[in-house]
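Count along the sequence shown from 1, then add 18; that gives the number in the working numbering. Every residue gets a Cβ at the ideal spot worked out from N, C-alpha and C, and that includes glycine. Everything numeric in this text was worked out from a predicted model, so none of it was measured. Written out below as structure tokens is the structure these notes cover.
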Amino acid sequence: MIAPDGTLNRRLLREKIFAHVEEKAWLNALLHPLIQQETRRQMQAATSPYLLWVVPLLVENRLSGQADRVLVVDVPKETQIERTMLRDKVSREHAEHILAAQATRQQRLAVADDVIENTGTPDAVASDVARLHEKYLTLASQAASQENS
19 MIAPDGTLNR RLLREKIFAH VEEKAWLNAL LHPLIQQETR RQMQAATSPY
69 LLWVVPLLVE NRLSGQADRV LVVDVPKETQ IERTMLRDKV SREHAEHILA
119 AQATRQQRLA VADDVIENTG TPDAVASDVA RLHEKYLTLA SQAASQENS
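Pasting the structure below:
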């Protein structure tokens, strides 16, 4: 699983956990408690007005209830397939298999409080990010005011 340069060979790991459900369960049982512990540590150390908790499989792991708000970065399914093929250097069939093991677009959007459409230009995405940043600063300020009352 470890490449000669010491990095994780993601392709081999992906192939193994998709082929062997018990291997995936073992890996999740090993990693999830460690990830949760580190997440808690980083959240407690945070000093910013608000915190973004980036969880790729938030819906699949039923973690949306642990967040005050859920932001989904959304793309159409076809775009997601194409980007997966490009990123992972896999066939279309393999990309579809990867995505079939994840929550659907509709499931992700159903838990979303906010959505960034990641299909436009970088400037359009940056504009959405700036708008949400202002919104989150306002929400954080309101929450802090309520805590102090």
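For ILE134, the enclosing beta strand (DSSP E) stretches over residues 132–135. The continuous beta strand (DSSP E) containing LEU89 extends over residues 89–92. For PRO140, the enclosing alpha helix (DSSP H) has its first and last residue at 140–166. Of the residues VAL77, LEU48 and SER66, the one whose Cα lies closest to the Cα of SER159 is SER66.
When DSSP states are grouped into helix, strand and coil, LEU127 belongs to the helix group. Closest option to GLU33, judged by alpha-carbon separation, among GLN164, SER145, SER109 and ILE134: SER109. Here the C-alpha atom of SER145 lies approximately 10 Å from the C-alpha atom of THR139.
Contact between the region 75–95 and the region 114–124 is present: 3 or more CB-CB pairs across the two stretches fall below 8 Å. Looking at the backbone, the Cα of ALA21 and that of ASP106 are separated by about 15 Å. Per DSSP, reduced to three states, the secondary structure at LEU45 is helical.
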